[in-house]
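Only one structure is covered here, and it is reproduced in the block below.
There are 2 protein chains.
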Amino acid sequence: MIGKKKKKKGQLIVLSGPSGVGKSTVIAELMGERRGDIYFSVSFTTRAPRVGEADGVNYNFVTREEFEEMIVRDELLEHAEYVGNYYGTSLKVIQDKLNAGIDVLLDIEVQGAAKVRAKCPEAVLIFIIPPSFEELSRRLHGRATDQEDVIAGRLEKAREEYQHIPSYDYLVVNDKVSEAAAEILSILKAEDCRTRNRLHLIDDI
Amino acid sequence: MIGKKKKKKGQLIVLSGPSGVGKSTVIAELMGERRGDIYFSVSFTTRAPRVGEADGVNYNFVTREEFEEMIVRDELLEHAEYVGNYYGTSLKVIQDKLNAGIDVLLDIEVQGAAKVRAKCPEAVLIFIIPPSFEELSRRLHGRATDQEDVIAGRLEKAREEYQHIPSYDYLVVNDKVSEAAAEILSILKAEDCRTRNRLHLIDDI
């Protein structure tokens, strides 16, 4: 049996879901409930900021040249191209947080999630879906930040992403944001109770 | 993708833990919180009822002869001998509940749990431990229903049971009953979110 003093590592949590499903809103609710004791990993991207998005908050916005340099220097846990833009996650920041016992939340798409799974088999992968595909279409149109052809591209992409759902550990439906966040909180609490994460609590007998 | 109409089966939940850890109290709290929408499987046993225990509530108390007939007729999901007495679980009752979409909770010891796991790989196995071994000893002495040699036997048995903890999915510490019950509720909610239990929620796209 493992002794009591072993420090608990943080959990690596991956959230994916189609564009328009409301991930950002669910994440905001989640972070509020956990009072900031989860570190939300801010991804790097080459896409243009949307209205209201801030550099270093929603994403670290970089140029294509800067992003490709990070790839060359092997500074990314994962990166992927999505609807013509790069998205990626800094490796060092995440390792430091996990080693300090802090849970880390990644908001990444299916290609990136598969890479994280390959590198960190103990990562918890959660996929968020809308109540229905029609509802997803309604939400994308309601957002009104994208052109019709971009929306059509996102819906087509969503269809592809759905094929990857069986690789995810958990599936959460974002019908009401508070309920989706509550389900994710339960998942994180349950994962914390996993035997492999708690062997340090057992007496040496 | 699987269509929407597939009926969800109930979850089979196995709770184990050393004698004296407070399983019954945690289970009572749990059943209260879930307002009776979990079916608690009442085991059959040949051990004598303790003060306050009622037939059909805590256990179905039967004779050694009656129990051995059930074994011969293959009517048990699992059965085991524990501190000189038989304990077992009726197969048919549980199957009916699970097929009706009702979660079923089993309070069984490590041998029985291993048999359930072998027959139902999708069962959720939870082991409950006390905050420390000294605390377990205190609780057993505080219960004052058993003789000293019986208590010594239960502590020795607990040491053996601890060796089986790595076969369990989850480990819950019963320090405060309400917190242990809350953790188990989170585990059940999370298990309900498992992708394999939710494929029926995905649109046919």
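Sequence order for the protein chains is L and U.
Anchor point for the first sequence: position 99 equals 99 in full-length UniProt numbering, and the numbering is continuous, going up by one each time.
Anchor point for the second sequence: position 102 equals 102 in full-length UniProt numbering, and the numbering is continuous, going up by one each time.
Positions of the beta carbon are idealized from the N, C-alpha and C atoms, including for glycine.
Quick caveat: nothing in here was measured; it's all calculated off a predicted structure.
Check: Buried/exposed call for Val-150 (chain U), threshold 16 Cβ in 10 Å; Outcome: exposed
Check: Classification of Gly-100 (chain U) by the beta-carbon crowding that lies within 10 angstroms, buried from 16 upward; Outcome: A small fix is needed here, since residue 100 (chain U) is Ala in this sequence, not Gly. Under this definition Ala-100 (chain U) is an exposed residue.
Check: Endpoints, the beta strand (DSSP E) within which Ser-16 (chain U) is located; Outcome: 12-16
Check: Where Ile-2 (chain L) sits in the DSSP three-state scheme; Outcome: Below a pLDDT of 50, predicted positions are generally treated as unreliable, and Ile-2 (chain L), at 40, falls in that range; the measurement from the model is reported next regardless. In the structure shown, Ile-2 (chain L) sits in coil (DSSP, three-state: anything other than H, G, I, E or B).
Check: Contact between the segment 196-204 of chain L and the segment 41-60 of chain L (3+ Cβ pairs under 8 Å); Outcome: no
Check: Any chain B beta carbon closer than 9 Å to Ser-19 (chain U); Outcome: Absent from the structure: chain B. Protein chains present are L and U.
Check: Under 9 Å by beta carbon: chain U residues contacting Ile-202 (chain L); Outcome: Ile-129, Tyr-162, Ile-165, Leu-171
Check: Gly-32 (chain L) burial status per 10 Å Cβ neighbour count (16 or more: buried); Outcome: exposed
Check: Rounded Cβ spacing between Val-172 (chain U) and Ile-108 (chain U) (contact assumed at less than 8 Å); Outcome: The Cβ separation is near 16 Å, so there is no contact.
Check: Min CB distance Leu-91 (chain L) to chain U below 9 Å; Outcome: no
Check: CB contact check: Glu-53 (chain U) to chain L, cutoff 9 Å; Outcome: no
Check: C-beta atoms of Val-177 (chain U) and Val-26 (chain U) nearer than 9 Å; Outcome: yes
Check: Coarse secondary structure for Thr-195 (chain L), derived from DSSP in three states; Outcome: helix
Check: Those runs of the alpha helix (DSSP H) which lie wholly inside the segment 46-128 of chain L and span at least 4 residues; Outcome: 64-72, 91-99, 110-119
Check: Inter-residue spacing [alpha-carbon to alpha-carbon] between Met-1 (chain U) and Asp-203 (chain U); Outcome: Residue confidence for Met-1 (chain U) is low, a pLDDT of 41 falling below 50, so the modelled location carries little weight; the figure read from the coordinates is stated next. Met-1 (chain U) and Asp-203 (chain U): Cα-Cα distance of roughly 8 Å.
Check: Whether Leu-12 (chain L) touches Leu-91 (chain L) by CB criterion (9 Å); Outcome: no
Check: Buried or exposed (CB count within 10 angstroms, at least 16 for buried), Pro-130 (chain L); Outcome: buried
Check: Residue from U:Ala-118, U:Gly-17, U:Ile-165, U:Glu-183 with nearest C-alpha to Tyr-82 (chain U); Outcome: U:Gly-17
Check: Beta-carbon neighbours of Lys-189 (chain U), restricted to chain L and to distances below 7 Å; Outcome: Glu-183, Ser-186
Check: Nearest-angstrom Cα separation, counted from Glu-66 (chain U) out to Leu-140 (chain U); Outcome: 30 Å
Check: Residue burial classification, Val-110 (chain L) (beta-carbon count within 10 angstroms, cutoff 16); Outcome: buried
Check: Ile-126 (chain L) at chain U interface by Cβ criterion, 9 Å; Outcome: yes
Check: Any C-beta of chain U under 9 Å from that of Met-1 (chain L); Outcome: Only weak support is given to the placement of Met-1 (chain L): the predicted model assigns it a pLDDT of 41, under 50, and the question is left unresolved by the model.
Check: Short Cβ contact (9 Å threshold) for Gly-56 (chain L) with Val-42 (chain L); Outcome: yes
Check: Where Val-177 (chain U) sits in the DSSP three-state scheme; Outcome: helix
Check: CB contact flag (Tyr-59 (chain U), Glu-68 (chain U), <9 Å); Outcome: no
Check: Neighbour-count burial assignment, Ile-71 (chain L), 16 or more Cβ in a 10 Å radius; Outcome: exposed
Check: Partner residues on chain L for Tyr-82 (chain U), Cβ-Cβ distance less than 7 Å; Outcome: The premise fails here: Tyr-82 (chain U) is roughly 19 Å from chain L at the closest Cβ pair, so nothing lies under 7 Å.
Check: Nearest to Ala-113 (chain L) (by Cα), restricted to the options L:Leu-136, L:Asp-169, L:Glu-148, L:Asp-103; Outcome: L:Asp-169
Check: Closest by C-alpha distance to Glu-134 (chain U), when choosing among U:Ile-165, U:Gly-20, U:Gln-95, U:Phe-40; Outcome: U:Gly-20
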